[in-house]
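Novice: I am attaching a structure below and will ask some questions about it afterwards.
In the UniProt record's numbering, the protein residues as written are 1 to 180.
Structure representation (structure tokens):
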């Protein structure tokens, strides 16, 4: 009997949260106006596929645009998913239904987590971390090495958390090799 009440309470809380989100959406401005503002930034499309780097790059570009817009979570999800095509659009339709059935709110963070789980899974993240930790200058110029270092360091937030600590790998490699 208690299980039924818990389920009813969970459903009621989900409905209230979604009503609040809809209310914020109406107060946050016109979705169509936000979408037009978003589209003026020429956001890239994403069609899915099997290239995790492309997926991560797409997500970063979308988030770069969001940094200059004042949009609430529901609008961010609406705008980003508007740029999904082909396989990615099919995926989102299924993921969205799954999230709704589970009572998951359509927040940007929830969308981002679902997207990364599908297109940039944990094993890829782990490979990027290992690539960063094993990064050596080799025949790269200093500029090439620095670019690769910056590119890969974003996948190691635990190392890259504080500027001075994040650059320790770069300094150690400089000390070991002595020159670039």
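Every residue gets a Cβ at the ideal spot worked out from N, C-alpha and C, and that includes glycine.
Nearest-angstrom Cα distance between residue 146 and residue 33?
Specialist: 40 Å
Novice: For residue 120, which of helix, strand or coil comes out of DSSP?
Specialist: It is coil, neither helix nor strand.
Novice: Once DSSP output is grouped into helix, strand and coil, what is the label at residue 35?
Specialist: helix
Novice: On the CB-based measure, 16 or more other CB atoms within 10 Å of its CB, does residue 133 come out buried or exposed?
Specialist: exposed
Novice: Locate the alpha helix (DSSP H) running through residue 77, then write down its first and last residues.
Specialist: That run of the alpha helix (DSSP H) goes 73-82.
Novice: Excluding the five sequence neighbours on either side, which residues of its own chain have a C-beta within less than 7 Å of the C-beta of residue 131, listed in chain order?
Specialist: 152.
Novice: Tell me the rounded alpha-carbon separation between residue 12 and residue 18.
Specialist: 10 Å
Novice: Rounded to a whole number of angstroms, what is the C-alpha to C-alpha distance between residue 244 and residue 56?
Specialist: The chain is shown from 1 up to 180; residue 244 falls before or after that span and cannot be answered.
Novice: Is residue 28 helix, strand or coil when you go by DSSP?
Specialist: Because the pLDDT at residue 28 is just 48, under 50, the model does not fix this residue reliably, and the value given afterwards should be weighed accordingly. If DSSP states are grouped into helix, strand and coil, residue 28 belongs with coil.
Novice: Just to confirm the assignment, what range does the alpha helix (DSSP H) spanning residue 66 have?
Specialist: 52-67
Novice: Since residue 44 and residue 83 are thought to touch, with beta carbons under 8 Å apart, how far apart are those beta carbons, to the nearest angstrom?
Specialist: 7 Å
Novice: Going by CA-CA distance only, name the one from 35, 92 and 88 that's closest to residue 71.
Specialist: 35
Novice: Measure the Cβ-Cβ separation of residue 48 and residue 6 and say whether it is below 8 Å.
Specialist: no
Novice: What is the DSSP secondary structure of residue 46, reduced to helix, strand or coil?
Specialist: strand
Novice: Pick helix, strand or coil for residue 154, following the three-state DSSP scheme.
Specialist: Three-state DSSP puts residue 154 in coil, outside helix and strand.
Novice: So, are the CB atoms of residue 155 and residue 129 less than 8 Å apart?
Specialist: yes
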